[in-house]
Each structure stands twice: as structure tokens, then as C-alpha cells.
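Okay, so here's the structure we're looking at.
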Amino acid sequence: MSNRSAFQRRLLAASMFVAVSGPAMANDVVATAPTAPILFDSPVPGLPSADEVADGARRLGSPLNNPITGASEMPIVIGGARPPSLETLQAARPGFNPSSDLGGPRGEALHQSGLSFGARGGLAARGFALNEMLRRNESRLDATYDFRSLVVPVGGGATLMRPPIVTEAQMAFALGDGGQVARETGRVYEITRQAQLASAPPNWRTYLVRSWVTPTPPPDDLR
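Here it is as C-alpha cells:
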């Protein structure tokens, strides 16, 4: 009887263990390693072309406005690309039959169109020549026209003040109507331009360097 009772107790204990542990095992969650995120290459913008760089420098490269504190701009003469030569301007082919009549209003319109095309080409060529002269003398102009000593710091920051421009006239003489009143002054001073705030000292390039538009040929009906 004792062996049978011991066997029954062991069987009961095993049944209770299965009853208790079974549901827990059924509800166990199997942990899995997280999947690696999928990485995509971001699009890389292409490098700007030489024309885009030149256009951006011409539109944005102003030494009077430096948006980055502590930055400096390379002293370059910016004016534009080399204009077409005189031979290129003269090589423009007519867009009509040369044997047709050139008199009357049409002939005058063709004449004015040719003058305009040549004048714009000459202006661009002369501007390019002047900028090339400035480019060759950049170092000397930088040393001669150094305006950094003329600006005044404002508030200890990056803001600068360009002083007003004062003109002087000597031996000023004014005679009233009728010759009864005369005024004579040794010197007369006048403020011709008020002071201005800036982020950089004035630069001679702002006043001397000029840009131009490449002349386009006239339309076919005007050449």
C-alpha cells in the first residue's frame, strides 16, 4: 500500500506540474533579432557648370555685402565672359534674299538693327578690355585704394559704418538780384551722401568693374 500511495503522489505532482507549466510555455514569446534597416543612397547634386559659377559670382559676389561673419572674398575682377570679336559680329549672315529691295522702311530698319548690334558688341568688347586692365593691376589698386581705415566699427560686432561723403567748395561767391547783396565764403562744406551701415569696407571693384550682356544677333527679318 505504501508503494502504491507513493506512486500516486508522484503521478499527482507530475500532473500538477504539467497543468501549471503548460499554459506558460504556450504563451512564451520567442525573441528574434531585429531586422536591419534598409539604407538608400541619398541623391547627390551634380557640380555646377562653369557658366553657373560665373553667373552666380556676377550676381552674388558683392564685396559690400558679406553674409558670413569673419569670411573674406577672393579679390577678383568679375565682369563677364569674353565677348564676340569684331570678325564674329561681321560674320552674321543675312536672313533674307540679298537681291531683294533694301530701300524704304525695311532698309532703314535693317540699318538701325545693324548699328545696334555693332554698338552692343563694341560696348562689351571695350568693357572686357577695361576689366582686363584692372585685372592686371589688381595688386597695385588694392594697395592704393584701401578703404579699411575709413570705416568705423559699430557696437563691437561685425557691423561697420561708412562715413558720410563731404564735398568742399573754395572761394564761393553769390551775388543777389539787383547787385545790392553779395556773399563771399572762403570754404563751403556739403554732405552729399549720408553715412551707411555695411558688413565690409568699400572696395574699388564695386565702382570700377562693369558687367555686360553678350550681344545677340538681330532676328532673321532684321538682318
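222 is the number that numbering that gives the first Met the number 0 gives the last residue of the sequence shown; the numbers go up by one with no jumps. Where is the CB? At the ideal position from N, CA and C, for every residue including glycine.
| Item | Value |
| --- | --- |
| Own chain residues within Cβ distance below 6 Å of T166, not counting five before or after | E189 and T191 |
| Spatially closest choice to L207 from E137, D54 and F116, by CA coordinates | E137 |
| Buried/exposed call for R147, threshold 16 Cβ in 10 Å | exposed |
| P22 classed as buried or exposed, judged by whether at least 16 other C-beta atoms fall within 10 angstroms | Below a pLDDT of 50, predicted positions are generally treated as unreliable, and P22, at 49, falls in that range; no measurement from the model is reported. |
| Backbone secondary structure at Y206 - three-state DSSP | helix |
| Euclidean distance between Cα positions of R119 and P82 | 10 Å |
| The segment 204-218 contacting the segment 168-181, beta-carbon criterion three pairs below 8 Å | no |
| Distance between T87 and R105 (C-alpha atoms, nearest Å) | 24 Å |
| Proximal residues to P152 (C-beta, below 7 Å), its chain only, five neighbours per side dropped | L159 |
| Pairwise C-alpha distance: Q193 and V150 | 13 Å |
| Rounded C-alpha distance that separates L174 from P214 | 52 Å |
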